[in-house]
Structures are given as C-alpha cells and as structure tokens.
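S.K.: Same order as they appear, the protein sequences are chains A and B.
If you count by this note's numbering, then the first sequence holds residues 357 to 608, one letter each, in order.
If you count by this note's numbering, then the second sequence holds residues 376 to 621, one letter each, in order.
We treat Cβ as the ideally placed atom computed from N, Cα and C, and that holds for glycine.
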Amino acid sequence: MIRIKNLYKEFDGKDVLKDISIDYKPGECSLIIGASGSGKTVLLKSIVGLHTPEKGEIWYGDKLFNKLREKEKKELRKEMGMLFQGSALFDFATVEENIMFPMDFFTDWSLEQKLERANFCLRRVNLENANKKYPNELSGGMQKRVGIARAIALNPKYLFCDEPNSGLDPTTSIVIDRLIKEITQEYNITTVINTHDMNSVMEIGDKIGFIYQGRKVWEGSNKEILHSDCKELNDFVFTTNMAKQLKALMNR
Amino acid sequence: MKKALEIMGEYSLLMVKVFQKPEKWRIFFRQSVIEAQKLMIDSIPLIFVISIFIGAVVVIQTVNNMDSPLIPKMYVGFMTREILVLEFCSTMIALILAGKIGSNIASEIGSMRITEQIDAMEIMGVNSANYLILPKIASSVVLSPFLMLFSFVVGLLGGALIIAITGLITMAQYVDGLQFSFKIHYISYSMTKMSVFAFIITSLASYYGYYAKGGSLGVGRSSTKAIVISSVLILVFDLALTKLML
Ligand SMILES: Nc1ncnc2c1ncn2[C@@H]1O[C@H](COP(=O)(O)OP(=O)(O)O)[C@@H](O)[C@H]1O
Ligand SMILES: [Mg+2]
C-alpha cells in the first residue's frame with residue numbers, strides 16, 4: 357500500500373507537481389496517465405525518492421518514506437523494483453549480470469543460486485537464451501523484458517514502470533503490459549505505471565490517475581474513464597474527431 | 376561566484392557520498408582492479424611514447440643551450456633528470472592524463488546518468504557514487520605515482536637513446552650527470568604530487584559526469600568542463616605543493 361498526500365515538487369521555482377494525493381493498492385496495476393510533460397515521470401521519481409518533493413507525505417505501509425533516515429530508506433528500496441523508460445540496463449554488464457546486480461549487493465547467495473534466480477526471472481518474462489548478450493545487442497522489447505526481470509530479481513513489494521511500452525510496436529506493447537499485470541497479480545505487488553497509451557489504460561488499468569499540468573484532475577477505473585465528464589481528460593482520451601463522435605454516440 | 380560556491384558544495388556532498396564504507400569489499404576490490412586496468416595500465420603506451428620523446432628532446436635542447444665550454448657536459452644529464460623528475464613526469468603527465476582519463480570518466484558516468492542507469496542503481500538501494508567513483512579514485516591515487524616513476528625512467532632512457540644515436544655527448548657523461556647530486560626527496564615529492572593530481576582528475580571528472588544533464592550534448596559539455604577545470608587545478612596545486620614541499 358502506497359499513500360501519497362498533498363505532494364508538491366518544483367524545479368527552479370517552477371511548480372511541476374501541485375497538491376497530488378492518491379493511494380495505490382497491492383495486486384493492482386495503478387496507472388498515471390497524462391500528456392507528455394505533464395509531470396508523470398517527476399511524480400514517479402518523487403514517489404521512489406529519486407526526486408525530493410518540496411512538500412507532502414509519501415507513505416509505504418506505515419512508514420513515512422520521505423522522512424526516513426538514509427539507512428531506513430535503503431532498506432525500503434530493497435523492496436522496490438523499477439522499470440525505466442529507456443530500460444536503463446547497465447551496458448557494462450550482460451543480461452544475467454544485470455539481473456544479478458542487486459543480488460550481488462544485497463544477498464549472500466552463491467553464484468549458482470544467483471544464476472538460478474536470474475534464470476527464473478528471465479523465464480518469467482519469457483526471455484531465454486539471451487543470458488550472455490549485452491543490452492545493445494537486444495531489441496527494445498527484449499530490453500524491457502530484461503528491465504522487468506531485473507526489477508523483480510529480489511521479489512519486490514512495489515514495482516514502478518515509467519512508460520513501459522514507449523518505443524515499442526503495439527503488439528509488443530500489449531505483451532509487456534500483460535506481463536506486468538500478471539506479475540503484479542501473481543506476487544501481489546503494488547504496481548504504479550506511467551503511460552500515455554490508451555491501449556494500456558483499457559488493457560491493464562485497475563486504477564487510473566490523470567495528471568494535467570502537474571495536478572491530478574481525475575481518478576477512477578478504466579470502465580469509468582469513457583464516461584467521465586472531466587474536460588481535460590476527455591480532450592486527452594478522445595483526441596481524434598472520430599473518437600469524439602464515438603463518445604457522443606456512447607453517451608446518447 | 377555564487378556558481379563556484381554551488382559547485383564546491385555539490386562536489387563536497389558528492390565526495391561524502393563517495394567516501395562511505397562499500398556495501399561489499401569484494402565488489403569494491405573487483406571494481407578497483409577493473410578501473411586500474413582501464414585508467415592506469417591502459418595509459419602506459421601513451422605515457423611511454425610521450426616520455427621517450429620528451430626525454431630525447433630535453434637532452435637535445437639542453438646540449439644546444441649549454442654550448443659554453445666552461446660548463447661540464449655531464450650537466451646535460453643532471454639537467455635532464457631534474458626537469459623530468461620535478462615537472463615533466465608529474466605535472467605534464469597529469470595534464471595529459473586529465474585529457475585521457477578525465478574525458479573517459481566524465482563521459483562514462485555522464486552517459487550512465489542520462490540513460491538513467493545511475494537512477495536504476497539508486498532505486499535498488501545501491502550507493503551509485505560509492506560503487507562507481509570510489510574504485511576510480513582509489514586505483515588512480517594509489518597507482519599514478521608508479522606511472523610517474525615509469526615516465527621518469529622512460530624519459531631518461533629516451534635521453535640515453537638520442538645520445539647513443541647522435542653522440543651529442545658521451546654516454547659516460549650523461550650517466551655521470553644522472554647520478555650527480557641526486558635527491559631522493561625529489562622523487563617522493565613528485566610521486567606525492569602525482570597522487571594529488573590523480574585525485575583532482577578522477578574526482579572532478581566523476582563529479583561532472585555524475586551531474587551531467589541535457590542528453591549526449593550535455594555529456595560532451597561535462598567532459599570538456601572536467602578537463603578544463605582539472606587542468607587549471609593541476610597547475611594551481613603544482614604551485615601550491617611546490618611551495619609547500621620544496
Ligand atoms: N530534472 C529536472 N529539472 C528541471 N525541470 C524538470 C526536470 N525533470 C522534469 N522537469 C520538468 O517537469 C515537467 C514534467 O516532466 P516529466 O515528468 O518528465 O513529464 P512526463 O509527463 O512526460 O513524464 C516538464 O516541464 C519538465 O521540463
Ligand atoms: Mg516521462
């Protein structure tokens with residue numbers, strides 16, 4: 357369970373996030389949607405502590421994350437996994453070394469145990485026979501899979517994904533989306549995903565928060581999104597004229 | 376001016392993050408060996424070539440400028456040795472390394488920053504500054520004095536080589552000069568200087584890489600800045616250490 361209360365973040369005096377409050381539940385894929393530049397990445401990075409918010413509270417269970425001491429933060433971080441927009445795989449390391457990286461630091465497992473876990477994670481994301489490849493030898497979709505495998509290497513309670521299907525074709529996108537959803541349900545992870553892809557919203561969005569110019573202006577499920585009367589949201593969801601006409605038809 | 380203070384503050388904070396006890400010593404030592412290879416061992420060919428040529432040139436210049444028959448020829452060896460040990464093998468080599476390993480470090484760390492690889496480490500709970508930067512500083516500070524020694528020896532050999540080829544003076548005169556009034560203190564002074572320079576180069580390049588922003592252009596900018604600033608600081612510290620130690 358993650359609870360965000362009245363979060364503010366600014367860069368050089370410019371407000372990027374304004375008064376954001378929202379809850380995320382385990383076993384659910386919660387989506388943050390919004391146009392490019394609306395503040396999704398900043399929100400996600402503030403939640404995980406890569407940015408320090410000016411004001412507000414971020415609760416992980418009963419721990420107030422942004423007030424924890426460095427050491428306690430570090431403990432909590434071991435329960436987080438994150439998939440970055442560009443995958444952010446370590447390009448000095450092979451696929452399996454990437455996945456074993458957090459294990460090297462935080463477990464006392466033998467090499468066999470680490471390899472076993474790495475292979476388990478790779479199988480889980482349906483990526484086999486790529487163990488010895490370097491990230492630049494992989495396609496975008498494969499990189500995302502490795503990114504997910506690395507994020508779940510230490511059985512996280514919290515999974516964060518920044519635009520998991522940016523740069524992927526629609527088919528691969530859906531495959532990655534479903535993979536994240538399955539893993540979320542299978543391990544009861546609290547998953548937060550940034551996206552501007554409506555396919556993802558309809559496919560995996562258990563709960564959706566819509567960000568407009570740094571404010572959360574709408575929150576609901578993917579069933580409700582089509583019937584909302586929030587103007588900014590409708591402009592975002594129903595971009596084309598055809599979509600607008602369809603919406604008019606639906607609401608008749 | 377405010378900018379300079381800001382940079383110094385940011386730099387100090389980063390160094391605090393760097394100088395922490397590594398999560399696992401085994402990982403630290405493994406990375407240090409890798410960095411030693413990449414930063415120090417791989418610089419040996421470049422230093423070899425430069426030192427051998429400079430040694431030869433210094434000998435020729437000294438001979439040309441000491442044409443008075445009153446000055447014994449062995450002073451060529453003496454002068455060459457002093458020039459190499461006092462300035463060339465530490466300060467000049469450091470300036471060259473500032474270009475070579477400074478840009479290497481700044482662009483490596485900078486590209487990890489802009490591709491979010493550093494964020495990926497942080498989110499795992501890994502102290503990225505400690506993991507990435509400490510092994511670079513440690514291996515360079517420890518090994519660079521030996522690069523200075525190496526450059527010194529090769530420089531003297533370069534001098535010997537040009538004498539053997541051209542017969543400007545006799546080898547005996549050259550060797551006599553090399554041994555004349557030898558101060559071991561100069562060697563330790565020069566090795567210490569080299570360590571300090573290595574710290575300046577690696578820590579500044581790491582700093583500029585670590586805070587790189589603005590895409591690949593930004594990485595280029597930060598590596599240029601790293602080289603310029605560390606070169607200037609090397610000269611400033613050269614002056615300060617010379618005042619202090621000699
Ligand atoms: N490190 C930063 N420094 C200054 N401004 C930033 C920084 N990161 C993001 N911003 C600004 O914050 C706003 C939101 O960015 P972002 O969260 O990346 O948008 P998106 O919704 O596309 O992920 C943008 O206007 C961006 O310029
Ligand atoms: Mg973004």
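In terms of DSSP beta bridges, what is His488/B paired with?
M.R.: Position check: residue 488/B holds Arg in this sequence, whereas His was assumed. Paired residue(s): none; Arg488/B is not in a bridge.
S.K.: Quick check on the DSSP output: the beta strand (DSSP E) that includes Arg479/A runs from which residue to which?
M.R.: Segment Leu467 to Arg480 is the alpha helix (DSSP H) holding Arg479/A; no beta strand (DSSP E) there.
S.K.: Leaving out five residues on either side along the sequence, give the residues of the same chain with a beta carbon under 6 Å from the beta carbon of Tyr386/B.
M.R.: The residues are Tyr582.
S.K.: Considering only the beta carbon of each residue, do Phe611/B and Phe574/B sit closer than 8 Å?
M.R.: The question names Phe, but residue 611/B in the sequence shown is Val. For Val611/B and Phe574/B, no; Cβs fall outside 8 Å.
S.K.: For Asn362/A, is the classification buried or exposed, using 16 other Cβ atoms within 10 angstroms of its Cβ as the cut-off for buried?
M.R.: Result: exposed.
S.K.: Measuring alpha carbon to alpha carbon, tell me which residue in Lys470/A, Ser556/A and Pro409/A is nearest Val369/A.
M.R.: It should be pointed out that residue 369/A corresponds to Gly in this sequence rather than to Val. With distances taken between Cα atoms, Gly369/A lies closest to Pro409/A.
S.K.: For chain A, check one thing: does any of its Cβ atoms lie closer than 8 Å to the Cβ of Gly530/B?
M.R.: Judged by the 8 Å Cβ criterion, Gly530/B is not in contact with chain A.
S.K.: Any contact of the region 394-408 of chain B with the region 501-516 of chain B, i.e. 3+ C-beta pairs under 8 Å?
M.R.: Yes, the region 394-408 of chain B touches the region 501-516 of chain B.
S.K.: Entirely within the region 542-568 of chain B and at least 4 residues each: give me those alpha helix (DSSP H) ranges in chain order.
M.R.: As far as the region 542-568 of chain B is concerned, its whole alpha helix (DSSP H) runs of at least 4 residues are 546-554.
S.K.: Given a threshold of 16 other Cβ atoms within 10 Å of its Cβ, counted over all protein chains shown, does Val391/B qualify as buried or as exposed?
M.R.: So Val391/B ends up on the exposed side.
S.K.: For Lys500/A, is the classification buried or exposed, using 16 other Cβ atoms within 10 angstroms of its Cβ as the cut-off for buried?
M.R.: Its Cβ being crowded by 16 or more others within 10 Å, Lys500/A is buried.
S.K.: Do you know whose CA, among Ile468/B, Ile544/B, Arg456/B and Phe527/B, lies nearest Asn439/B's CA?
M.R.: If we check each option's Cα against that of Asn439/B, Ile544/B comes out closest.
S.K.: May I ask you to verify whether the region 512-529 of chain B touches the region 398-414 of chain B, counting CB pairs closer than 8 Å and requiring at least 3?
M.R.: In short, these stretches touch, since the Cβ pair count reaches three.
S.K.: Answer yes or no: the CB of Thr408/A versus the heavy atoms of ligand 1, is any distance below 7 Å?
M.R.: No.
S.K.: Please return the same chain residues whose Cβ sits closer than 7 Å to the Cβ of Ile458/B, not counting the five positions on each side in sequence.
M.R.: These residues qualify, in order along the chain: Val433.
S.K.: Got a sec: does ligand 2 put a non-hydrogen atom nearer than 7 Å to the Cβ of Glu453/A?
M.R.: Not so, every heavy atom of ligand 2 lies at least 7 Å from the Cβ.
S.K.: Which residue wins for smallest C-alpha separation from Ala495/B, given the options Ala507/A, Lys430/A and Arg480/A?
M.R.: That would be Ala507/A, whose Cα lies nearest to the Cα of Ala495/B.
S.K.: Mind checking whether Ile419/B and Phe527/B have CB atoms under 8 Å apart?
M.R.: Against a cut-off of 8 Å, the Cβ pair of Phe527/B and Ile419/B comes out as no contact.
S.K.: Report the residues of the region 561-583 of chain A with a CB closer than 9 Å to any CB of chain B, ordered along the chain.
M.R.: Result list empty, no residue passes.
S.K.: Just list the residues that DSSP pairs Arg401/B with in beta bridges.
M.R.: Arg401/B pairs with nothing; no bridge assigned.
S.K.: Compute the minimum distance between the beta carbon of Val548/A and the heavy atoms of ligand 1, and state whether it is under 7 Å.
M.R.: Because no heavy atom of ligand 1 lies under 7 Å away, the Cβ of Val548/A does not count as near it: no.
S.K.: Applying a beta-carbon distance threshold of less than 7 Å, which residues of chain B neighbour Gly442/A?
M.R.: Simply Thr490 and Glu491.
S.K.: What do you get for Ser478/B, buried or exposed, if any count of 16 or more other CB atoms within 10 angstroms of its CB means buried?
M.R.: Per the 10 Å Cβ criterion, buried.
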